[in-house]
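Asker: Residue numbers (this note's numbering), protein chains in the order written: chain Y, 20 to 208; chain S, 308 to 1304. Starting off with a structure, shown below.
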């Protein structure tokens, strides 16, 4: 079997901020009662990170749990042997009402890196979410939109945001991020 | 430079001369000039012609309220019509042209309209151009379009870039005058996140009118305050940024002009700020009102404050000999400024009989004041030359005549309450100051049900500096407190209060002016509306201010009546014999000033105009030269034309090949929604008309989905994955809509059912392998058993094929042997290529959506969006077989029992075969013999899908026809739009019987 390819083959844009399409990851959507011990245990057991609260995400390298909705999380991990990971999850979740789906290729992930306010300013050109450091600190995760498409933003650290979008609009979003990265300083953030 | 340039000019830098042209004539100005100040400095008073009468018009104002000085700016890729000269900052090489004249500004043929002005009253177009009907289109409209209109539409693509930016702030302060600065400082010091925007290029507003603040010159206080604000990390300050509108929940738009004043500068030209503000402080100042006297539109008649601005701001004297006409103290400030510059002020006409201390001060300076007097009118050829003096309460008998070249008119101030009013704030009439001011008891309400906007300073009717500072500071504290901050105690900035003698409102000058004079008093300069027009409208029954506005076009020009509205409604009130508040104002709507289409579009142009959704195989299709079809935001290959082949030929080849050999379809765009839970089967039984709970794991079933009103909204194949899990396929355009439909029912009606849904459309790439050799192709790829026994029709299986982990569905939409292979999207392109390779010896060819559509029509399969249009129920389409009779309920069931739905006269699906083999026109109607009340042919059916079938070598169509299924063999007539008729026979909607496996 061939290696899975990302939508844009690892495209890179270098401007006021740097935009890099990340290689494919394993991603699982898990819906259920997030207070359920089985669900928490399955999610944290696979990823090795704690269950995040609303509008936030916990991550360690490629592993992570992203809070998507009151009854939905997205689990992330390296793209190796998803089937085993999925089977392990299903086993841990047995007997609990839930939905688990391998959605590894449903989304594209862009790493957007920039120093100081440039990073927040570039993204503020596209998303209505409040990106002020007080409202969007490290670890914050927001499902929002970029211009005309749905997107999610994850503040990994002070100078890097991971942007998740549906795969079909990867080229559009890459264009958007390039346009936003080309703008000058707003002197706001 | 010009003789009109005098000493001073706070805003210009005389060491930096700039060259520009006006109508091709070379002129010079200075850095800091506006185009208007530079034109005036060059003696260019005439800047345009009026909209209707083509009267010569000059610069009236020094701000965004300017009605006359609109120019075509720039050329080619940087051409912009209707640019306001008064807010356009001068730059080197600026090119401006005046508008609305032919053949030239000085000699304009449209001025004939002026001669016939008495025949062009309010409502003239409505009254005159109605009959005879065809004349409007062929005679009147072309003539009016030629002679009317302002700037030209750009002919080139905009060469600039634009951007949007979103920010969330606690407090948005609009206006960088002293009141706004005080507000921003109060809120900023309290720790609130503040955005302060100022529309001009300078802080301080009407700085030259301000007294000392906190014991220092106002200019010093402003500079220090701006510096203090800039140093606060929680405060952003922006010049050249106009707050355009206030919308619900504190959402605001503001436009920042980044390089308008420096077109060669880097970066975007304009930036649209989308601001989510907790509270809004509107420190937007006030707009001076013109006075309505005969000839008040002559070039040289200007607002008094504008005359002052040109003197003190730009060192430009609009006139050498200026008559000041006023009804309040502020007009005197202009007289003093003129006197200060050594310019002549032959007379100050004050409508008030007892002007009080200010008149004394004027006399002490040696100025002549005429109390209780006004203008009977002004006259001159192309510009003001003479002013006639009259008693303010008389009918206009001329007492004296004065030679002059400029009139400074001061009719009082109207607070700029636009931002207060946009989201619903109400106004009340302040009798003493003769102005509409915000009614603090009726503010616009935010999401929390509390006031979200507060007006301060002149925008609140507080024209004095002391009150401006006080209200600004207080509003800053209010906004900070309301957004959760705790301001420290501390005094705000202070200035000495100024005592003024109250204004004496004058709506028509002189008050008893005769009709002839009233027909020469302009209210709306830009749309050419006069006092007589408003009075005529009232006489003709247009009592409401909103009706009068639309009948006369008062306030409907690009300046949106910033100068004319209050004067116009005062005239209307007078004509109705009612007080002004009884008439009220028209509605203030965003934007405050016009904004460019570029700013509205932002990044959304060219490649980023709209998101285009691409399947994992998109690039491959592109390389194959796909002819694309938009399906929602998706792009799908319509066909794959080969070199030398037309699109139509490609479609036919693809169909024939698929029916004879094997074709490949990129079906990745089909919606895929996972539904799981103990109640999933019960849930799907409610969603689909058919029975899904009886489906066995491993099997597929075609299903129809209806809205609760019974109408067919989507269709697709449902695969049962296991006892609790179903995968529902939707149409390409239906994925998001149907997922939302599912969630709506789950969250609102069946919230206690144990079901989860997830839209996994994008996780998969899906390829249809279709045709008699489909199985051969898959066997060539090698892998799982796909024999009839292992994978019968309408079943699915997980396995491996060609080295890909895949799920294969044995379903068909073409009548041919058909498999759909789903793999992780990341493998889609590789699988597509593997299929092409494996099928090469079998004659495999990709096919597009058109071939897909034709093949399904050949088999009589319906298509959502073709056979359905939101008014069609499954029963209309002969799909009763897909409706379960065993179920108690499903969405739409009860609606489909309504009388209208069971009416035997409903149009029903049939096939249509043209007698001559041609293809029926899309959407054609079958006519009846009878005619309706309008003499039109009645209809009895319509075409829903129509194609050329290469399999049958003739046109085939599907359509809805009254009693259709009972009328097999009858011939219907379909008139075309070109006068021809096509005859078609009603047949069964299955054209191709033999195909299938």
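Glycine residues also receive a C-beta, built at the ideal position from the N, C-alpha and C atoms. Bear in mind that the values here come from a model prediction, so they are computed numbers and not experimental data.
1. What do you reckon, are the CB atoms on residue 48(Y) and residue 92(Y) nearer than 9 angstroms?
2. Based on Cα-Cα distance, which residue from 1252(S), 1088(S), 1207(S) lies nearest to residue 1160(S)?
3. Measure the C-alpha to C-alpha separation of residue 88(Y) and residue 559(S) and round it to an integer number of angstroms.
4. Residue 186(Y) CB to nearest chain S CB: under 9 angstroms?
5. At least one CB of chain Y closer than 9 angstroms to the CB of residue 755(S): is that the case?
6. Output the boundary residues of the alpha helix (DSSP H) element that contains residue 783(S).
7. Which value, in whole angstroms, describes the spacing of the CA atoms of residue 57(Y) and residue 94(Y)?
8. Could you work out which residues of chain S lie near residue 178(Y), taking near to mean beta carbons separated by less than 9 angstroms?
9. Smallest Cα separation from residue 370(S): which of 1209(S), 617(S), 362(S)?
10. For residue 1022(S), which option in 928(S), 1135(S), 1175(S), 875(S) has the closest C-alpha, if you only look at C-alpha atoms?
11. Could you tell me which chain S residues have their CB closer than 7 angstroms to the CB of residue 130(Y), listed as they occur along the chain?
12. Output yes if chain Y places a C-beta closer than 9 angstroms to the C-beta of residue 984(S); else output no.
13. Using three-state DSSP, classify residue 540(S) as helix, strand or coil.
14. Considering just the uninterrupted stretch of the beta strand (DSSP E) at residue 695(S), what are its terminal residues?
15. Could you tell me the distance, in whole angstroms, from the CA atom of residue 320(S) to the CA atom of residue 337(S)?
16. Rounded to a whole number of angstroms, what is the C-alpha to C-alpha distance between residue 1199(S) and residue 1132(S)?
17. Can you tell me whether residue 486(S) is helix, strand or coil according to DSSP?
18. I'd like to know if residue 1(Y) contacts chain S, where contact means its C-beta is closer than 9 angstroms to some C-beta of that chain.
19. How many angstroms separate the CA atom of residue 1228(S) from the CA atom of residue 1279(S)?
20. Is residue 723(S) near residue 899(S), with beta carbons less than 9 angstroms apart?
21. For residue 6(Y), which residues in chain S fall below 8 angstroms Cβ to Cβ?
22. Output, in sequence order along the chain, the residues in the stretch 146-159 of chain Y whose CB is closer than 9 angstroms to any CB in chain S.
23. Find the residues of chain S that neighbour residue 107(Y), judging by a C-beta separation of less than 8 angstroms, and give them in chain order.
24. Residue 960(S) and residue 1152(S): beta carbons closer than 9 angstroms?
25. Mind listing the chain Y neighbours of residue 474(S)? Cutoff is C-beta to C-beta under 9 angstroms, in chain order.
26. Got a sec: is the Cβ-Cβ distance from residue 578(S) to anything in chain Y below 9 angstroms?
27. Can you have a look at residue 322(S) and say buried or exposed, based on whether 16 or more other CB atoms are within 10 angstroms of its CB?
28. At the 9 angstroms Cβ level, is residue 65(Y) part of the contact set with chain S, yes or no?
29. For residue 36(Y), decide whether its Cβ has a neighbour in chain S, counting only Cβ atoms nearer than 9 angstroms.
30. Confirm, please, whether the CB-CB distance from residue 1263(S) to residue 1275(S) is below 9 angstroms.
31. Would you report the Cα separation of residue 549(S) and residue 977(S), rounded to the nearest angstrom?
32. Residues in its own chain within less than 6 angstroms of residue 620(S) by CB, not counting five upstream and five downstream?
33. Using beta carbons (cut-off 9 angstroms, strictly below), is residue 126(Y) in contact with chain S?
34. Write down every uninterrupted run of the beta strand (DSSP E) in the stretch 1236-1276 of chain S whose length is 3 residues or greater and which is fully enclosed by it, in chain order.
35. Of the residues that make up the stretch 1079-1109 of chain S, which ones have a beta carbon closer than 7 angstroms to any beta carbon in chain Y?
36. Going by Cα to Cα distance, which pick from 129(Y), 139(Y), 157(Y) is closest to residue 186(Y)?
Answerer: On the basis of the supplied data:
1. In the first chain, counting from the first residue as 1, residue 48(Y) sits at position 29. In the first chain, counting from the first residue as 1, residue 92(Y) sits at position 73. It is a contact, given that the beta carbons lie within the stated cut-off.
2. For the purposes of this step, residue 1160(S) is taken as residue 853 along the second chain, with counting starting at 1. Ranking 1252(S), 1088(S), 1207(S) by Cα distance to residue 1160(S) puts 1252(S) first.
3. Locating residue 88(Y) in the first chain gives position 69, counting from the first residue. Locating residue 559(S) in the second chain gives position 252, counting from the first residue. Approximately 28 angstroms, taken between the alpha carbons.
4. The count along the first chain starts at 1 and reaches residue 186(Y) at position 167. By this cut-off, residue 186(Y) is an interface position.
5. Counting from one through the second chain, the residue named residue 755(S) turns up at place 448. Closer than 9 angstroms: no.
6. Residue 783(S) sits at position 476 when you count from the first residue of the second chain. Segment 772-789, the alpha helix (DSSP H) holding residue 783(S).
7. Here the question's residue 57(Y) lines up with position 38 in the first chain. Here the question's residue 94(Y) lines up with position 75 in the first chain. Going from the Cα of residue 57(Y) to the Cα of residue 94(Y) covers about 15 angstroms.
8. Residue numbering aside, residue 178(Y) sits at position 159 when the first chain is read from its first letter. Neighbours of residue 178(Y) in chain S, taken as residues whose beta carbon is under 9 angstroms from its own, are absent, since the nearest beta carbon is some 19 angstroms off.
9. Sequence index remark: in the second chain, residue 370(S) carries index 63 (1-based). Considering only alpha carbons, the answer is 617(S).
10. Taking the first residue of the second chain as 1, we reach residue 1022(S) at position 715. Answer by Cα proximity: 1175(S).
11. Translated into the one-based positions of the first chain, residue 130(Y) becomes position 111. Within 7 angstroms Cβ-Cβ: nothing; residue 130(Y) doesn't reach chain S, min ~18 angstroms.
12. For this step, residue 984(S) is matched to residue 677 along the second chain. Residue 984(S) counts as touching chain Y.
13. Here residue 540(S) refers to the residue found at position 233 of the second chain. Here residue 540(S) sits in coil by DSSP.
14. Within the second chain, numbered from 1, the residue matching residue 695(S) stands at position 388. Looking at the DSSP string, the run of the beta strand (DSSP E) that includes residue 695(S) is 693-698.
15. Position 13 of the second chain holds residue 320(S). Position 30 of the second chain holds residue 337(S). If you take the alpha carbons of residue 320(S) and residue 337(S), they lie about 6 angstroms apart.
16. Taking the second chain and counting its residues from 1, the one referred to as residue 1199(S) is at position 892. Taking the second chain and counting its residues from 1, the one referred to as residue 1132(S) is at position 825. Between residue 1199(S) and residue 1132(S), the C-alpha separation is close to 35 angstroms.
17. Here residue 486(S) refers to the residue found at position 179 of the second chain. Three-state DSSP puts residue 486(S) in a helix.
18. This structure cannot speak to residue 1(Y), because chain Y is shown only from 20 to 208.
19. Against the second chain, residue 1228(S) aligns to sequence position 921. Against the second chain, residue 1279(S) aligns to sequence position 972. A direct Cα-Cα distance of roughly 14 angstroms separates residue 1228(S) from residue 1279(S).
20. Here residue 723(S) corresponds to residue number 416 of the second chain, with the count starting at 1. Here residue 899(S) corresponds to residue number 592 of the second chain, with the count starting at 1. Yes, Cβ-Cβ distance for residue 723(S) and residue 899(S) is below 9 angstroms.
21. Residue 6(Y) falls outside the range modelled here, since chain Y spans only 20 to 208, and no answer is possible.
22. Listed in sequence order: 146, 147, 148, 149, 150, 151, 153, 154.
23. Position 88 of the first chain, counted from the first residue, corresponds to residue 107(Y). Ordered by position in chain S, no residue passes the 8 angstroms Cβ test against residue 107(Y), which lies about 17 angstroms from the chain.
24. The count along the second chain starts at 1 and reaches residue 960(S) at position 653. The count along the second chain starts at 1 and reaches residue 1152(S) at position 845. In contact: residue 960(S) and residue 1152(S) (Cβ atoms closer than 9 angstroms).
25. The sequence position of residue 474(S) within the second chain is 167, counting from 1. When 9 angstroms is used as the limit between beta carbons, residue 474(S) is near these residues of chain Y: 143, 149, 150, 151, 205, 207, 208, in chain order.
26. Walking along the second chain from the start, residue 578(S) turns up at place 271. Yes - at least one Cβ of chain Y is within 9 angstroms of the one on residue 578(S).
27. Mapped onto the second chain, residue 322(S) falls at position 15. Burial call: exposed.
28. Here the question's residue 65(Y) lines up with position 46 in the first chain. Closer than 9 angstroms: no.
29. Locating residue 36(Y) in the first chain gives position 17, counting from the first residue. For residue 36(Y), the answer is no, since every Cβ of chain S falls outside 9 angstroms of its Cβ.
30. By 1-based counting over the second chain, the position of residue 1275(S) is 968. By 1-based counting over the second chain, the position of residue 1263(S) is 956. No, the pair does not count as a contact, with Cβ atoms beyond the cut-off.
31. Here the question's residue 549(S) lines up with position 242 in the second chain. Here the question's residue 977(S) lines up with position 670 in the second chain. Approximately 46 angstroms between the Cα atoms of the pair.
32. Counting from one through the second chain, the residue named residue 620(S) turns up at place 313. Within the same chain, residue 620(S) has close Cβ partners 317, 318.
33. Start at 1 with the first residue of the first chain, and residue 126(Y) comes out as number 107. Cβ-Cβ to chain S under 9 angstroms: yes for residue 126(Y).
34. 1244-1256, 1261-1269
35. none
36. For the purposes of this step, residue 186(Y) is taken as the residue at position 167 of the first chain. Selected option, being the one with the closest Cα: 129(Y).
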